[in-house]
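Protein chains in written order, with my numbering: chain H, 1 to 256; chain R, 1 to 256.
2 protein chains.
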Amino acid sequence: MYRYEYPRPAVTVDVVIFSMRADDLVVLLVKRKLAPYKGQWALPGGFVNPNESLDRACARELEEETGLSNVRFQQLGAFGDPGRDPRGHTISVAFFTFIVAESAILRAGDDAAEVAWHPLANLAKELPTGTHPAPVRRTKARAVVGKGGKPARPSRATKKGTIDLAFDHRRIIDMAQMCLVERLRDPTRAASFDLVPSHFTMSELQRVYEVVLQHPLDKRNFRAKLLAAHLIEPASASRRGPHRPAQLYRWKGAAR
Amino acid sequence: MYRYEYPRPAVTVDVVIFSMRADDLVVLLVKRKLAPYKGQWALPGGFVNPNESLDRACARELEEETGLSNVRFQQLGAFGDPGRDPRGHTISVAFFTFIVAESAILRAGDDAAEVAWHPLANLAKELPTGTHPAPVRRTKARAVVGKGGKPARPSRATKKGTIDLAFDHRRIIDMAQMCLVERLRDPTRAASFDLVPSHFTMSELQRVYEVVLQHPLDKRNFRAKLLAAHLIEPASASRRGPHRPAQLYRWKGAAR
DNA sequence: CGAGCATGGTGTGACGAGCACACGAAGTCA
DNA sequence: TGACTTCGTGTGCTCGTCACACCATGCTCG
């Protein structure tokens, strides 16, 4: 039937996956195996296949590059500035979510030389608006916290302790973070993320909030607001430790 | 340099422009001059040119099809279900905004046979999920409120008084409306839209809110909240009528 | 020119949400 | 058994939100 054959921009998906790791807000990155930006860290993602929905492309790319599956995303938006990809005009649809790092089994595959969680604080700031970083090849090595919490491969970095991301991925992460904070303000919307394992204590959940929002919360107010939302319920067990055991909670409607 | 030549989905932009007209929330539509969905109403929009940013594509398509320029948009998101466009896999990045209809001079151009504001209430409901309407050719005529508030061309319709939109545009409009409501709840974010002309009375602005939010607001609370936000200031003049003159306001920081 | 009419403009009190605040309870460990 | 650590809870204040009714002002029309 009808079909225009104008030159087309390419379409990719990129995924921002946040998590908590030792009181840090971390994001899942892959080290690129191919040009452009070969050897630099980037968001998992890739080209959309013909007749593939955006959500499916997102899930597929994530699975191919990191081994993760069964993750639900929120769409963040489309990024389409010409020049954001040295291969040519490329429009990226970004997704984001939050998962529990401990339950994620990572496996670098496909175009990824490596997969690791990186604290947001270790990433170089977004460049002054307009310009995008050109792919670089040579840089001094730098240790970062990687998979498993142990020091990982040295990686490219330009400033003390910071990693430059490929493409405009730093900007995408910034926007995802803003969006995440926005969601967390409303408990109902926050419940769509896996902020904590299926059973959790109040303090565990509160710590996630504090790390993401970047300011401390009052224990009692936090508890009261969350309970008022009727989204969680006490689970039978409690968590032990070198102190008084804590009540475990779980999301309402979750399978026992 | 590097360049993949996989088959690519096409990329379009679509624009949802809301406005007020005689106590109705209206949206700007164009009647398609070309297949697919020839003769049906659709959102203004079209293909993204090579090396054109999404915002620029959006502004260009809007200008080409409706004559409108100098409009600022917010991005709504990307719609990429395969099957949403009978021409083949097409990803549309949607934008939306709100403008003052009275100050908009419309001119159908390019692929548009006609341009008109349509009350949201006159549009057919979104179809049951999953399916998308196939292009239809023959249908019974139906009068709708068009450009200028007068009855416009008869148009395609399937149910009494409702118009079926092309593609998944009805769904896009629904999402834009939800997003619009969301923004209006926060005066700061609402200020990025042209809800009212540069000088306006409290009641005029309030009426816009009531129409969009679809419920009445208390006059005093509305006034108080808006003034508390320090976003508007009284202008010198006042508006006359067959009653007590009303104080005019304008957005702070607006040119005198 | 005065009465009626339509809209403009204003203050208060009730209520609930959010916040800051301190202390006893229940375990572990030495 | 005492010290320590984290858990769990109730109250009072403040502030924002909401509902609510009346007089003011200018126009029109008889």
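Glycine included, each C-beta is placed from N, C-alpha and C at the ideal position.
The structure presented is a predicted model; accordingly, all values stated were derived computationally and were not measured.
The Cβ atoms of H/Glu126 and H/Arg171 lie closer than 7 Å to each other. Listed along chain H, the residues sitting closer than 7 Å to R/His89 by beta-carbon distance are Pro50 and Asn51. Going by DSSP, H/Ala59 is part of the alpha helix (DSSP H) stretching over Leu54 to Thr66. In this structure H/Pro82 does not touch R/Pro9 by the C-beta definition: roughly 17 Å separates them, more than the 8 Å allowed.
For the options R/Asp174, R/Thr162, R/Asp55 and R/Lys38, the alpha carbon positioned closest to that of R/Asp85 is the one of R/Lys38. In this structure, the straight-line span from the alpha carbon of R/Ala35 to that of R/Ala166 is close to 10 Å. Sequence-distant partners of R/Ala235 (beyond 5 residues in either direction) whose C-beta falls short of 7 Å from its own C-beta, in its chain, are His199, Leu248, Tyr249 and Arg250. R/Glu64 is the residue among R/Arg87, R/Glu64, R/Ala101 and R/His89 whose C-alpha sits nearest the C-alpha of R/Gly109.
H/Gly46 has H/Val13 as its beta-bridge partners, per DSSP.
Among the residues of the stretch 25 to 48 of chain H, those with a Cβ less than 9 Å away from any Cβ of chain R are Leu34, Ala35, Pro36, Phe47 and Val48, in the order of the chain. In the structure shown, the three-state DSSP call for R/Ala116 is strand. In the DSSP assignment, R/Ile172 falls within the alpha helix (DSSP H) that extends over His169 to Leu184.
When Cβ-Cβ separations below 7 Å define contact, H/Gln177 makes no contact with chain R. Apart from sequence neighbours up to five positions away, the residues of its chain that approach H/Lys252 with a beta-carbon distance below 8 Å are His230, Leu231, Ile232 and Glu233, ordered along the chain. In this structure, DSSP gives R/Tyr6 a state outside helix and strand, which the three-state scheme calls coil. From the beta-carbon of R/Gln75, the residues of chain H found nearer than 8 Å are Gly77 and Ala78. Contact between the stretch 62 to 78 of chain R and the stretch 59 to 79 of chain H is established, with three or more Cβ pairs separated by less than 8 Å. One thing to note: R/Val15 has its Cβ within 7 Å of the Cβ of R/Gly45. Taking 7 Å as the CB threshold, R/Pro197 stays off the interface with chain H.
Membership of H/Glu210 in the alpha helix (DSSP H) is indicated by the continuous run Met202 to Leu213. For H/Pro187, the closest Cβ of chain R is not nearer than 7 Å. From the listed residues R/Glu61, R/Asp55, R/Arg87 and R/Thr66, the smallest Cα separation to R/Arg72 is found for R/Asp55. The alpha-carbon separation between R/Val196 and H/Leu205 amounts to approximately 43 Å. For H/Val115, no Cβ of chain R is located within less than 7 Å of the residue's own Cβ. The three-state reading of DSSP puts R/Glu233 in strand, counting E and B together. Taking the Cα of R/Asp24 as reference, the smallest distance to any Cα among R/Arg240, R/Ser192, R/Leu123 and R/Met175 is reached at R/Leu123. Within the model, the alpha-carbon separation for R/Arg183 versus R/Leu28 is close to 20 Å. Counting along the chain, H/Phe73 sits inside no alpha helix (DSSP H), nor does DSSP assign it H or E at all. Using a CB distance cut-off of 7 Å, R/Leu54 counts as an interface residue toward chain H.
Pairing R/Ala176 with R/Phe96 gives a Cβ-Cβ distance under 7 Å. Ranked by Cα distance from R/Arg107, the first of R/Ile163, R/Val93 and R/Gly67 is R/Gly67. When the five nearest sequence neighbours on each side are left out, the beta carbons in the same chain lying within less than 7 Å of the beta carbon of R/Ala104 are those of Leu68, in order along the chain.
About 4 Å separates the CB atoms of H/Ala57 and H/Val48; that is less than 8 Å, so the two are in contact.
The contact set of R/Asp81 on chain H, defined by CB atoms closer than 7 Å, consists of Ser53 in chain order. Less than 7 Å separates the beta-carbon of H/Val30 from that of H/Ala112.
An exposed status is given to R/Thr188, since fewer than 16 other beta-carbon atoms sit within 10 Å of its beta-carbon.
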